[in-house]
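Below is one structure, written out as structure tokens; comments come after it.
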Amino acid sequence: MLNNKSIFLSVLSVAFAITANAQLYKDPKAPVQKRVADLLKRMTLEEKIGQMSMSSLTGAKNSKIAYGVLESPFTNVRDVALKSAVAKKYSREQTRLGIPPIQIGECLHGQLAAGATTFPQAIAQGSTWNPELIEKMGQAIAYEASTSGVDQALSPLFDLIRDARYGRVEECFAEDPYLVGQLGSAFVRGMQGNPAQTRNSFAFDKVMCTGKHFAAYSKPIAGINIAPAEIGERELRTMFLAPFRDVVQDANIAAIMPSYNEIDGVPAHSNEFLLKQVLRKEWNFKGYVFSDYGGLSQLYDFHKIAKSKSEAAIFGITAGVDLEAARPDIYPHLIELVKAGKIKESQIDTAVARILTLKFKAGLFEKPLADTSRIKDRVHTADHIKLSQQIAEESIVLLKNNDNLLPLNISKLKSIAVIGPNANKVQYGDYSFTRDNLSGVNVLEGIKQFVGNSVKVNYAQGCELTGLDRSGFDEAIKTANESDAVVVVLGTTSVVFQGVGWNGQAPGNEPQDPFTCGEGYDVTDISPQGVQRELLQAIYKTGKPVILVLENGRPWSISWEKENIPAILEAWYPGEKGGTAITNILFGKVNPSGRLNMSVPQSTGHIPVFYNYVNSSRGNNREAGTIEKPGRDYVFSSPDPLFAFGFGLSYTSFDYSNLKVSKTTFSKDEQVTVSVDVKNVGKVAGKEVVQLYLGNKVNSVSTPVVALKRFSKITVEPGETKTVSFKIDAKDIAIWNRQMKFVTESGTFDVMIAKAANNVVLKQQVEYKN
177 MLNNKSIFLS
187 VLSVAFAITA
197 NAQLYKDPKA
207 PVQKRVADLL
217 KRMTLEEKIG
227 QMSMSSLTGA
237 KNSKIAYGVL
247 ESPFTNVRDV
257 ALKSAVAKKY
267 SREQTRLGIP
277 PIQIGECLHG
287 QLAAGATTFP
297 QAIAQGSTWN
307 PELIEKMGQA
317 IAYEASTSGV
327 DQALSPLFDL
337 IRDARYGRVE
347 ECFAEDPYLV
357 GQLGSAFVRG
367 MQGNPAQTRN
377 SFAFDKVMCT
387 GKHFAAYSKP
397 IAGINIAPAE
407 IGERELRTMF
417 LAPFRDVVQD
427 ANIAAIMPSY
437 NEIDGVPAHS
447 NEFLLKQVLR
457 KEWNFKGYVF
467 SDYGGLSQLY
477 DFHKIAKSKS
487 EAAIFGITAG
497 VDLEAARPDI
507 YPHLIELVKA
517 GKIKESQIDT
527 AVARILTLKF
537 KAGLFEKPLA
547 DTSRIKDRVH
557 TADHIKLSQQ
567 IAEESIVLLK
577 NNDNLLPLNI
587 SKLKSIAVIG
597 PNANKVQYGD
607 YSFTRDNLSG
617 VNVLEGIKQF
627 VGNSVKVNYA
637 QGCELTGLDR
647 SGFDEAIKTA
657 NESDAVVVVL
667 GTTSVVFQGV
677 GWNGQAPGNE
687 PQDPFTCGEG
697 YDVTDISPQG
707 VQRELLQAIY
717 KTGKPVILVL
727 ENGRPWSISW
737 EKENIPAILE
747 AWYPGEKGGT
757 AITNILFGKV
767 NPSGRLNMSV
777 PQSTGHIPVF
787 YNYVNSSRGN
797 NREAGTIEKP
807 GRDYVFSSPD
817 PLFAFGFGLS
827 YTSFDYSNLK
837 VSKTTFSKDE
847 QVTVSVDVKN
857 VGKVAGKEVV
867 QLYLGNKVNS
877 VSTPVVALKR
887 FSKITVEPGE
897 TKTVSFKIDA
907 KDIAIWNRQM
917 KFVTESGTFD
927 VMIAKAANNV
937 VLKQQVEYKN
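In structure tokens:
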């Protein structure tokens, strides 16, 4: 028989066991897998569905269950931090199991919160061709966003640019899958941390990333946002899935967001081929699938493939969508579906386990709450502002520079005119919190700051960004005539979340230009908008030296401008120090090093235009015509781009020589080293983007004539020669064959060193043998 002492010890032992068991999922030293399993078995079905749902930081308060994720409001950094602390404290202490939420934030080119650093838009980031710089930007954004509690960013985009009419072109890195993969993975490494670490845990000052939009979202019919993508599986895999594969396998991205579109009648949020076969089975993706906002609802009320919200829920969970954003609409029906036996609870458990796994890896149960006292030292710091300016400076592309008009010589100028609808405005691009001039430096202000009292600066707006009002032309012409040189700043403006971060500007005095670019703002014509070209033409007729600066989110068809204007800069949306960066380029303080990340079409009718086309894309006749001499393919034009992918001028010149390949024949598991010498033969230091393309290979299916496979951005001093080396292997010439297998077929191909996709300077044939 047990004595009283034995009974007491036995009861105490059981009590300790229960206590330890109860706290296992809260034990940071316990393995993540065991913490997940322990927590999952304690959850009710309703609590599980709560983890598959999203609310706002303010909307989650007083909820009986914890939400999986909470969205940061569009306000200032301090308010976000305060709301974050309240919401997370409530979830931890006032819900039954104390499960903290993942806090979501928009971080496309900086945290979408007033007070955060605004970096150049993604299309500008892509024109840097500098993954190291983009990784530093990711680190800075994560450092700032994590300060106000953000755990996961809804960025970056891995969509390929294919149609300049499409408003979200500005959110994309490039038209090439390799370049997108390199830049996007760099962004993710900067935000999340080294993949070797993030496979186990995420540091407290890092932010998890969401790769979007999966997949082929940026190839909509007629350029209209959300329209279907007409695409075959081979092109899908070769082009559009490749950068997603890179970031999943090489950068360990935490989440993937399906796109709003459909492929061959199947919307992405119900596409088992994409979300199960490719993402999970082929790539072994370990993160979770985060729906685009309302993406699951669209299965019912937009795509109309589901007869009810319950059926939409079945489509979504069956395809592998783990969490519904932005508000519970479809997935609450999973409760009744499980109880009715139409969905297995094990399917719910799988989704919830993925979400919980990331919560534990991110340390959300232990992570300190947001503290506003840390904002001053971590957000919008001098280093981050300097980095934003450097990215802008490396993103600006010099498209034309006749007779070395640029850089301008300040000692030879008595006056300069700054004219145009974007001359006195900051333009940041969509997913920005403001476009108030108080938040950054525009071109007019940048030039004034640079020249000081040594040069008189004359300004005229000339016209609006849209509309037909020409009443400002006379003043603009007068201003140009009174000046030694003219900088004309044209472009577009994009979606801003109105009312956020207007820096004290009185209501009603905010910029009123209608949005003409960004999400949902697609166009039928990529010519300059409104009367902007007419303004430029009027200024051109004055005979003054004219420099055109473009601040826009999509490329324009600028054939007339290319023919007539002596100097042209493509600046995209250059961030809060854009005016300073542009000015530094104009006056030669910085040598331009941006290279086009997309092909610029001659006209809307040329769309789509991209460099990595198959041979048949340029027609059979190859007798390009003109108005004066009609031909074929096309009758009145060539199919060539106006400006090619990879193109960009410098204030110096580079010579390429001494191309070497370590092997002219290689096979599986072997590498070929390619090296080339690059010499700066000019008088100023410059950055050059050395581009390596492979192509001209005969395969069992048609493949691009050329494809970018490596690049390197280097700094070369005047008279200096640098040797650049690359390594290539069998995977670089692999294809999806007729059996849809990823293989490398035997044959010869060209290794090409180029200054742009259409400007190969050195070439060497190499053979691959199986």
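Residue numbering for the sequence shown follows my numbering, starting at 177 and increasing by one per position. Virtual Cβ for every residue (Gly too), placed ideally from N, Cα, C. Computed from a predicted structure; not experimentally measured.
I need the straight-line Cα distance from THR700 to THR780, nearest angstrom please. C-alpha of THR700 to C-alpha of THR780: approximately 8 Å in a straight line.
Using 8 Å for Cβ pairs, my map puts THR841 next to LYS945. What's the rounded Cβ distance? Confirmed, about 6 Å.
Proximity winner among GLY696, LEU818, ASP908, relative to SER733 (alpha-carbon distances): Nearest option by C-alpha distance: LEU818.
Could you please give the first and the last residue of the uninterrupted alpha helix (DSSP H) stretch that includes GLY314? Residues 307 to 323.
Compare the Cα-Cα distances from GLN847 to each of PHE812, ILE909, ASP327, LYS552 and report the closest residue. Of PHE812, ILE909, ASP327, LYS552, the residue nearest in Cα terms is ILE909.
For GLY677, name the three-state secondary structure that DSSP assigns. Confidence is the limiting factor: at GLY677 the pLDDT is only 46, short of 50, which leaves the residue's position unreliable, though a coordinate-based value still follows. GLY677: coil per DSSP, three-state reduction.
From the DSSP secondary-structure annotation, give me the bridge partner or partners of PRO353. In the DSSP output, where bridge partners are listed per residue, PRO353 has none listed.
Would you say VAL528 faces chain D, with C-beta separation under 7 Å as the test? Absent from the structure is chain D; it holds one protein chain and no more.
Look at the alpha carbon of CYS693 and the alpha carbon of PRO396, and state the distance between them as a whole number of angstroms. Rounded to whole angstroms, the gap between the alpha carbons of CYS693 and PRO396 is 16 Å.
Sort out for me which residues DSSP pairs TYR464 with in a bridge. Within the DSSP bridge table, the entry for TYR464 names ALA431 as partners.
CA-to-CA distance, TYR243 to LEU522, given in whole angstroms: Note on identity: in this sequence residue 522 is Ser, with Leu being the wrong assignment. Looking at the two C-alpha atoms, the distance is approximately 19 Å.
Unbroken beta strand (DSSP E) run spanning ASP327, endpoints: Run containing ASP327: none; DSSP gives neither H nor E here.
Length at least 4, wholly inside the stretch 394 to 461: the alpha helix (DSSP H) runs in chain order: Fully enclosed alpha helix (DSSP H) runs of 4 or longer: 418 to 427.
Would you report the Cα separation of ALA682 and ILE592, rounded to the nearest angstrom? At ALA682, the pLDDT of 48 sits below 50, so the modelled position is not reliable and the matter cannot be decided from this model.
Euclidean distance between Cα positions of GLY680 and VAL633: With a pLDDT of only 45 at GLY680, under the threshold of 50, the placement of this residue in the model should not be trusted, and no figure is reported.
Which residue wins for smallest C-alpha separation from THR924, given the options ALA546, LYS917, VAL942? Comparing Cα-Cα distances from THR924 to each of ALA546, LYS917, VAL942, the minimum goes to VAL942.
Taking the Cβ atom as the reference point for each residue, do ALA257 and THR548 lie within a distance shorter than 7 Å? Contact check for ALA257 against THR548 passes: the beta carbons are separated by less than 7 Å.
Please report the distance separating the alpha-carbon of VAL790 from that of TYR436. Looking at the two C-alpha atoms, the distance is approximately 28 Å.
Under DSSP, the beta strand (DSSP E) around ASP831 begins and ends at which residues? Start and end: 830 to 837.
Starting from the Cα of ASN875, find the closest Cα among ASN913, ILE623, GLN287, SER775 and give me that residue. Nearest to ASN875 by alpha-carbon distance, out of ASN913, ILE623, GLN287, SER775, is ASN913.
On the DSSP letters alone, give me the boundaries of the alpha helix (DSSP H) that GLU247 sits inside. No alpha helix (DSSP H) holds GLU247; the beta strand (DSSP E) holding it covers 245 to 247.
Determine the closest residue to GLU320 out of HIS782, ILE741, ALA558, THR234, with distance taken between C-alpha atoms. When each option's Cα is compared against that of GLU320, the closest is ALA558.
What's the call for MET228, buried or exposed, on a 16-neighbour Cβ count within 10 Å? It counts as buried.
So, under 8 Å CB-CB, GLY596 and VAL497 are touching, yes? Tell me the CB distance rounded to an integer number of Å. Contact doesn't hold; Cβ gap of about 45 Å is too wide.
Reduced DSSP category for ILE734 - H, G, I as helix; E, B as strand; rest coil: In the structure shown, ILE734 sits in coil (DSSP, three-state: anything other than H, G, I, E or B).
Can you list, in chain order, the residues of its chain whose CB lies under 6 Å from that of TYR266, leaving out five sequence neighbours each side? So the qualifying residues of the chain are LYS237.
Distance between beta carbons of GLY302 and LEU355, contact taken as under 8 Å: The C-beta separation of LEU355 from GLY302 comes to about 7 Å, placing the pair in contact by the 8 Å criterion.
Given a cut-off of 7 Å, decide if HIS445 and LEU475 are closer than it, judged by their beta-carbon atoms. Contact flag set, yes.
Rounded to the nearest angstrom, what separates GLU893 and PHE823 at their Cα positions? Rounded to the nearest angstrom, the two C-alpha atoms are 21 Å apart.
Among LYS863, VAL881, VAL877, which residue has its Cα nearest to the Cα of GLY871? Nearest option by C-alpha distance: VAL881.
What's the gap between the Cα of GLY706 and the Cα of THR759? Linking GLY706 to THR759 through their CA atoms gives a straight-line distance of about 26 Å.
Are the CB atoms of ILE432 and GLY387 nearer to each other than 7 Å? Yes, Cβ-Cβ distance for ILE432 and GLY387 is below 7 Å.
Contacting residues, own chain, Cβ-Cβ under 7 Å from TRP459 (five flanking each side not counted): Contacts found: ARG421, VAL424, GLN425.
For TYR464, collect the residues of the same chain with a Cβ closer than 6 Å to its Cβ; drop the 5 residues on either side in sequence, then sort them by chain order. For TYR464, where only same-chain residues beyond five positions count, the Cβ hits under 6 Å are ALA431, ASP498, ARG530, ILE531.
Does the Cβ of GLY677 have 16 or more other Cβ atoms within 10 Å, making it buried, or fewer, making it exposed? Legend: pLDDT at GLY677 = 46, less than 50; position of this residue unreliable, no value from coordinates given.
Whole angstroms is fine: what's the gap from ASN306's alpha carbon to LEU582's? So the two alpha carbons sit approximately 24 Å from each other.
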